[in-house]
Amino acid sequence: MRRSGTTGQRLVAIFLMGGALLNYPILFLFARPSEVAGLPLLYVYVFGVWVLVIGLMALVIERPRD
């Protein structure tokens with residue numbers, strides 16, 4: 023079972039996007055003493071990005087073949 027080259031390219035793009043969103047300059051924007059539903063804003067952001075990256079990777083990997 024061989025995947026097309028576009029799947030690998032999409033996974034690399036998602037990885038780079040996740041790395042950029044979890045890099046210090048962006049994280050610094052959310053390092054404030056505020057809360058969302060009783061949780062610190064930074065934690066909500068980090069786990070939100072983490073879920074987004076996993077969801078996007080699942081969509082790319084589980085996509086039906088053309």
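Residues 23 to 88, numbered by the working numbering, are exactly what the sequence shown covers, in order.
Where is the CB? At the ideal position from N, CA and C, for every residue including glycine.
Since this is a predicted model, take the numbers as computed values, not measurements.
If residue i and residue j are in contact, beta carbons under 8 Å, what's the gap, nearest whole angstrom?
i	j	result
V66	L33	Rounded, the Cβ-Cβ distance is 25 Å, inconsistent with contact.
Using the C-alpha atoms, what's the distance from residue j back to residue i?
i	j	result
L44	V71	8 Å
F52	L78	22 Å
G60	F50	20 Å
E57	L64	9 Å
M23	G30	The predicted position of M23 is uncertain, since its pLDDT is 48 and thus under 50; no value can be drawn from it.
P86	Y46	36 Å
G41	V73	13 Å
For the alpha helix (DSSP H) containing residue i, list its first residue and its last residue.
i	result
A42	27 to 43
P47	46 to 52
Which residues share a DSSP beta bridge with residue i?
i	result
L61	V58
With C-beta atoms as the reference, is residue i less than 8 Å away from residue j?
i	j	result
V75	I36	yes
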